[in-house]
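*Asks:* Once you've had a glance at the structure underneath, I'll fire off some questions.
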Amino acid sequence: MQNHPVYTDNDPQNELSTLNLGPTHPATHGVFQNVLQLDGERIVSGVSTIGYIHRAFEKIAEHRPFYQITPLTDRLNYCSSPINNMGWHMTVEKLLGITTPKRVDYLRVIVMELARISDHIICNGVLGVDTGAFTGFLYMMEFREAIYEIYEEVCGSRLTTNIGRIGGFERNFNAIAFAKLRKFLKDFPKTLKEFESLFNRNRIFVDRTKDVAAVTPEEALSYSWTGPILRATGVDYDVRVMEPYSSYEEFEFEVPVGPNGDVYSRFLVRNEEMWQSMRIIEQALTKLEKEPTDIFHADVPEFYLPPKEDVYNNMEALIYHFKIVMGEIPTPNTEVYHSVEGANGELGFYLVNDGGRSPYRLHFRRPSFINYQMYAPMSRGMLLSDAIINMSSLNVIAGELDA
Numbered sequence: 001m002q003n004h005p006v007y008t009d010n011d012p013q014n015e016l017s018t019l020n021l022g023p024t025h026p027a028t029h030g031v032f033q034n035v036l037q038l039d040g041e042r043i044v045s046g047v048s049t050i051g052y053i054h055r056a057f058e059k060i061a062e063h064r065p066f067y068q069i070t071p072l073t074d075r076l077n078y079c080s081s082p083i084n085n086m087g088w089h090m091t092v093e094k095l096l097g098i099t100t101p102k103r104v105d106y107l108r109v110i111v112m113e114l115a116r117i118s119d120h121i122i123c124n125g126v127l128g129v130d131t132g133a134f135t136g137f138l139y140m141m142e143f144r145e146a147i148y149e150i151y152e153e154v155c156g157s158r159l160t161t162n163i164g165r166i167g168g169f170e171r172n173f174n175a176i177a178f179a180k181l182r183k184f185l186k187d188f189p190k191t192l193k194e195f196e197s198l199f200n201r202n203r204i205f206v207d208r209t210k211d212v213a214a215v216t217p218e219e220a221l222s223y224s225w226t227g228p229i230l231r232a233t234g235v236d237y238d239v240r241v242m243e244p245y246s247s248y249e250e251f252e253f254e255v256p257v258g259p260n261g262d263v264y265s266r267f268l269v270r271n272e273e274m275w276q277s278m279r280i281i282e283q284a285l286t287k288l289e290k291e292p293t294d295i296f297h298a299d300v301p302e303f304y305l306p307p308k309e310d311v312y313n314n315m316e317a318l319i320y321h322f323k324i325v326m327g328e329i330p331t332p333n334t335e336v337y338h339s340v341e342g343a344n345g346e347l348g349f350y351l352v353n354d355g356g357r358s359p360y361r362l363h364f365r366r367p368s369f370i371n372y373q374m375y376a377p378m379s380r381g382m383l384l385s386d387a388i389i390n391m392s393s394l395n396v397i398a399g400e401l402d403a
């Protein structure tokens, strides 16, 4: 972290003021609070308060069957819901020993990388807004909308997607989804280049972000940071590489890292990750050409809900539907941990199972909750205006912060 002047609260020459930054301040981009002590416009100390939208998801999950927990994960980082959905499905598949077909893996990779791009569009666009540049945000939002239209073709939803199922997807991808995906890959690079040319060497933006809130690799690791903000410090940790899932080991891509962990480095890392995500999606589309087009889920009738028309007309499907819903199929009495590379870092699910149809215990490793711990200490000595853009660069999502 940067070296700033040291202030003491008991210095009689300092007349400190108290500022509530949040829980409803527009600059926080979420419902959380920081009670700041200010000497003029410089922060002397701060206390972070969370829990304003705590919804007890982990406790609720203990009373829901595995397949009904997916909508809860939507409401963690709702800017990239599909990553949460897929991470949960893969956790349950790990528990049950389900191996998904390659085509399912590749389709999941496409959806997760689209979600990563969507999340970074919002984060970097809002960072521009918080430094006084609204144009870039508007440029990029058109393509977040394009991604949401692809979601709609796949699952019918846009923001809280509930996309996919344990074992694969509820339905196959249609031709319109693939057409919209290819159009996105054709049109988005031009806009992303314009966005980068608007910001990367913009003197005002660089002055506002470079060397602001710089963090060393040692400090980031001591606070268990992961994701783009850790990679911005120069640490190339990425779950997709270190612990591959969904056949990520078959893809070629770079893990971008930053020079000094400041706000500007985080911005650059997220921009480069969008380029890498498009590269991954292109490879996934190529790999799909070699796979059977009618496969979109694993052959696990004990845990994959059959289509509704089959339930109405086929006795075997009706029996499986009943047994899955009523929890009559035994599950392993064990515990598993599975993590995926979320847009903000390592998103993990620690599941303790007692053999029933619901988790005995479930814990979400939420990257925003982990990353936000450092905000108050790193803000000490910082100007209030710098603390605002520092918060934007951390991309704290309130739903992921509280759960």
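Under UniProt numbering, the final residue of the sequence shown carries the number 403; numbering is consecutive throughout. Think of the CB as a built atom: it goes at the ideal place given N, C-alpha and C, for glycine as much as any other residue.
Can we count S358 as close to the ligand HEM, meaning its CB is less than 8 Å from some heavy atom?
*Replies:* Of the ligands one can find in the structure shown there are none, so the ligand HEM has no counterpart to examine.
*Asks:* Would you kindly report the start and end of the unbroken alpha helix (DSSP H) that includes S379?
*Replies:* Y375 to S379
*Asks:* Roughly how many angstroms separate the alpha carbons of T73 and E289, rounded to a whole number?
*Replies:* Approximately 31 Å, taken between the alpha carbons.
*Asks:* DSSP beta-bridge partners for T49?
*Replies:* Q33
*Asks:* Compare the Cα-Cα distances from F57 to each of H363, M382 and S368 and report the closest residue.
*Replies:* H363
*Asks:* Considering only C-alpha positions, which residue in the set F199, G355, S393 and E142 is nearest to V263?
*Replies:* S393
*Asks:* Going along the chain, which residues of its own chain have a beta-carbon closer than 7 Å to the beta-carbon of E145, five neighbours each way excluded?
*Replies:* Excluding positions up to five away in sequence, the list is empty.
*Asks:* Mapping the DSSP letters down to three states, classify P224 as helix, strand or coil.
*Replies:* Note on identity: in this sequence residue 224 is Ser, with Pro being the wrong assignment. In the structure shown, S224 sits in coil (DSSP, three-state: anything other than H, G, I, E or B).
*Asks:* Mind checking who H297 pairs with in its DSSP beta bridge?
*Replies:* G168
*Asks:* Can you tell me the Cα-Cα spacing of I324 and Y245, whole angstroms?
*Replies:* 26 Å
*Asks:* Below 8 Å on the Cβ atoms is my contact criterion, and I expect P101 with A298 to pass it. Report the Cβ-Cβ distance as a whole number of Å.
*Replies:* 6 Å
*Asks:* Going along the chain, which unbroken runs of the alpha helix (DSSP H) with 4 or more residues stay wholly within the stretch 336-383?
*Replies:* 367-372 and 375-379
*Asks:* Tell me which same chain residues have a C-beta within less than 8 Å of the C-beta of M278, skipping the five on either side of it?
*Replies:* E113, I117, L185, F188 and P189
*Asks:* Does DSSP classify L19 as helix, strand or coil?
*Replies:* strand
*Asks:* How many angstroms separate the CA atom of V44 from the CA atom of T28?
*Replies:* 19 Å
*Asks:* Assuming R279 is part of the alpha helix (DSSP H), what are its boundary residues?
*Replies:* Looking at the DSSP string, the run of the alpha helix (DSSP H) that includes R279 is V263 to L288.
*Asks:* What do you reckon, are the CB atoms on N84 and L347 nearer than 9 Å?
*Replies:* Contact check for N84 against L347 passes: the beta carbons are separated by less than 9 Å.
*Asks:* Residue ranges of each alpha helix (DSSP H) run of no fewer than 4 residues wholly in the stretch 179-231, ordered along the chain?
*Replies:* 203-209, 217-222 and 228-231
*Asks:* With DSSP collapsed to three states, give me the class of L76.
*Replies:* Here L76 sits in coil by DSSP.
*Asks:* From which residue to which residue does the alpha helix (DSSP H) around N124 run?
*Replies:* K102 to D130
*Asks:* Beta-carbon within less than 6 Å of S247's beta-carbon, same chain only, minus the 5 sequence neighbours each way: which residues are those?
*Replies:* D105
*Asks:* Return helix, strand or coil for R144, following the three-state DSSP convention.
*Replies:* In the three-state scheme derived from DSSP, where H, G and I count as helix and E and B as strand, R144 is classed as helix.
*Asks:* Suppose the cutoff is 6 Å on Cβ atoms and the five residues either side in sequence are ignored; what does the same chain contact list for R365 look like?
*Replies:* G348
*Asks:* For T49, collect the residues of the same chain with a Cβ closer than 6 Å to its Cβ; drop the 5 residues on either side in sequence, then sort them by chain order.
*Replies:* Q33
*Asks:* Whose C-beta lies closer than 8 Å to the C-beta of E41 among residues of the same chain, with five residues either side of it excluded?
*Replies:* L383, L384 and S385.
*Asks:* For the stretch 332-348 against the stretch 198-215, are there 3 or more C-beta pairs whose distance is under 8 Å?
*Replies:* no
*Asks:* S81 lies in the alpha helix (DSSP H); which residues open and close that run?
*Replies:* S81 to L96
*Asks:* Which residue's Cα is closest to the Cα of L19: Y372, P26 and L38?
*Replies:* L38
*Asks:* Who does D39 pair with in a DSSP beta bridge?
*Replies:* R42
*Asks:* Figure out for me which residue from L268, G227 and K287 has the closest Cα to the Cα of V109.
*Replies:* K287
*Asks:* Measuring CB to CB, does V35 end up less than 9 Å from G51?
*Replies:* no
*Asks:* Could you give the distance in angstroms between the alpha-carbon of P359 and the alpha-carbon of T331?
*Replies:* 10 Å
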